[in-house]
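When we follow this note's numbering, the leftmost residue of the sequence shown carries the number 55, and every step to the right adds one.
Here a beta-carbon is modelled for each residue, glycine too, at the ideal position from N, C-alpha and C.
Everything numeric in this text was worked out from a predicted model, so none of it was measured.
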Amino acid sequence: MHRAYISRSQLMAIHIRLELTKHERWMIGMMKASHEHSRNDEFPAPGGTALLHNLHLCFAA
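Written out as structure tokens, the structure is:
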């Protein structure tokens with residue numbers, strides 16, 4: 055019997071790739087929303103954006 059095996063590092067790489075694409079989609083959504091001049095209450099607090107940016111930097115390192 056042959057069992058498919060994914061190493062922990064490969065699993066992490068896949069997870070990070072998924073997280074980055076999710077983050078990119080969120081960024082694109084935010085850019086579209088700002089271009090549409092949406093209501094201010096639709097935007098997250100600046101702290102939330104900074105936190106996401108820091109996470110993005112951690113993944114990139």
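Check	Outcome
Same chain only: Cβ atoms within 6 Å of alanine 58, ignoring 5 sequence neighbours per side	none
For isoleucine 68 and methionine 81, the rounded distance between their alpha carbons	20 Å
Proximity test, Cβ basis, 8 Å: methionine 85 and chain C	No chain C is present in this structure, which holds just one protein chain.
Between the CA atoms of isoleucine 70 and glutamine 64 - distance to the nearest angstrom	10 Å
Secondary structure of threonine 75, DSSP reduced to three states	helix
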